[in-house]
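First up is the structure itself, then whatever we jot down about it.
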Amino acid sequence: MNNKDIELLAKWIKESEYAVILTGAGMSTESGIPDFRSKDGLWKKVDPMKLANIRTLMEDYDTFYEFYKMRVGILSEAKPHEGYEILAKWEERGLVNSIVTQNVDDFHLLAGNKNVYRLHGSLNEFRCSMCGTKAEKKDYLERKPCHKCGGNLRPGVVLFGEGLPEDTLLTSVDEMKKADLVIVIGTSLTVFPVSQLPDITSGKKVYINREASGNSKFDLVFESSAGDVLQEIDKLL
Numbered sequence: 032m033n034n035k036d037i038e039l040l041a042k043w044i045k046e047s048e049y050a051v052i053l054t055g056a057g058m059s060t061e062s063g064i065p066d067f068r069s070k071d072g073l074w075k076k077v078d079p080m081k082l083a084n085i086r087t088l089m090e091d092y093d094t095f096y097e098f099y100k101m102r103v104g105i106l107s108e109a110k111p112h113e114g115y116e117i118l119a120k121w122e123e124r125g126l127v128n129s130i131v132t133q134n135v136d137d138f139h140l141l142a143g144n145k146n147v148y149r150l151h152g153s154l155n156e157f158r159c160s161m162c163g164t165k166a167e168k169k170d171y172l173e174r175k176p177c178h179k180c181g182g183n184l185r186p187g188v189v190l191f192g193e194g195l196p197e198d199t200l201l202t203s204v205d206e207m208k209k210a211d212l213v214i215v216i217g218t219s220l221t222v223f224p225v226s227q228l229p230d231i232t233s234g235k236k237v238y239i240n241r242e243a244s245g246n247s248k249f250d251l252v253f254e255s256s257a258g259d260v261l262q263e264i265d266k267l268l
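So for the sequence shown, this note's numbering puts the first residue at 32; every next one is plus one.
Structure representation (C-alpha cells):
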C-alpha cells in the first residue's frame, strides 16, 4: 500500500461534501463469506447461471434450495469485520453519506450504517416464490411450504433472470449523481447495471479490491483487502 495514496484518500474524504461507498462481495471475504469472481471465488466452484437462476427456482427447487441453504448456513456463522464498523463510524461522523451495495449479507446494517441501498436484496429475508408472502428463515431451512398458498419458499435475493428493485436502483443512481467522491470496494464491476454506477459521478473515484487490474478509469486504485485499506485511512481521520 502506498502511504501517499492513503494520505490523499484521507484528505479527499475529509474535504468531500457527499461521499458514497459502493461495495461488492470482496468487502465480506474477511468475514469468511466467499466472493464470486476472484480466482478463489464461489463461481469458480459452481455454475451461477444454473444455481442462482429464477429458472432453477421454478424447475429444479431441490438444487436451488440446497445451494441457498448452504449460503444461509455460511452467513449465520459470520459477522461484520472491522472495515464495516469503520464505514458505520464514518457515516455517523458525516464523512460518508450512503452505502450502495451488491451484498446480500446485511453486514452494513448490522455494523450500524443507516443509509444503505441493497441492490441485490437480502439473504436474511424470505418469501414465497409464488404469492410473495413473507416467511421466516426457520421455515425456509426446514423446507416448509408457504403457509398461505403452499408454494416453495425462497430468500429475498435478486436471481439471474430477475431485475433489480427499481426504487433502490433509481435511488442509487441519484446518490451517484450527488456524490463528489465515490469509493468502490470489493466488486469486480462486471455485472450490469451496477458496473455503470461509478461512471455517473462527476466527482473523484477510488477503487479498492484484492484484484484491481484493469480499472484505469479511477483516480486512485488500491490492490489490497478492504479491511487493511480502511483501517489505514481511519488512522488519519
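For each residue, glycine too, the CB sits at the ideal point set by N, CA and C.
Keep in mind the model is a prediction, meaning the values are calculated, not measured.
Straight-line gap, residue i to residue j (C-alpha atoms, nearest Å)
| i | j | result |
| --- | --- | --- |
| I264 | S160 | 43 Å |
| G217 | L140 | 17 Å |
| E242 | V252 | 10 Å |
| A109 | K179 | 32 Å |
| D36 | G234 | 17 Å |
| N144 | N128 | 10 Å |
| Q262 | F191 | 34 Å |
| G102 | G194 | Just to set this straight, residue 102 is Arg in the shown sequence, not Gly. Using only the alpha carbons, I get a separation of about 21 Å. |
| C177 | G163 | 9 Å |
| W74 | E167 | Its pLDDT being 47, under 50, W74 is placed unreliably by the model, and nothing is read from it. |
| G72 | A83 | Reliability of the predicted coordinates at G72 is poor, the pLDDT of 45 falling under 50, and the value obtained from them is presented with this limitation in mind. Near 15 Å, if we compare the C-alpha coordinates of A83 and G72. |
| Q227 | F157 | 29 Å |
| R86 | T60 | 28 Å |
| K120 | S62 | 18 Å |
| G181 | K42 | 56 Å |
| N240 | V215 | 8 Å |
| S247 | P196 | 30 Å |
DSSP state of residue i mapped onto helix, strand, coil
| i | result |
| --- | --- |
| P186 | strand |
| S160 | coil |
| I85 | helix |
| N134 | coil |
| E102 | The sequence as given places Arg at residue 102; Glu does not occur at that position. Correct three-state label for R102: helix. |
| F95 | helix |
| S69 | Note on S69: pLDDT 48, under 50, position unreliable in the model; no value is reported. |
| S129 | strand |
| Y49 | coil |
| K145 | coil |
| L172 | helix |
| K165 | strand |
| T54 | strand |
Distance CB(residue i)-CB(residue j) smaller than 8 Å
| i | j | result |
| --- | --- | --- |
| L88 | R185 | yes |
| D230 | S47 | no |
| E38 | L267 | yes |
| T132 | T54 | yes |
| L154 | V188 | yes |
| I105 | I64 | yes |
| S203 | Y148 | yes |
| V225 | L126 | no |
| G258 | E113 | yes |
| V213 | L40 | no |
| K165 | Y49 | no |
| Y92 | N183 | yes |
N- and C-terminal bounds of the alpha helix (DSSP H) containing residue i
| i | result |
| --- | --- |
| V204 | E197 to K209 |
| V260 | A257 to L267 |
| L118 | E113 to E123 |
| I214 | Here I214 belongs to no alpha helix (DSSP H); instead the beta strand (DSSP E) covers L212 to I216. |
| I231 | L228 to I231 |
Boundaries of the beta strand (DSSP E) in which residue i is found, first to last residue
| i | result |
| --- | --- |
| L150 | Premise fails: L150 is in no beta strand (DSSP E) and is neither H nor E. |
| V237 | K235 to N240 |
| E254 | L251 to E254 |
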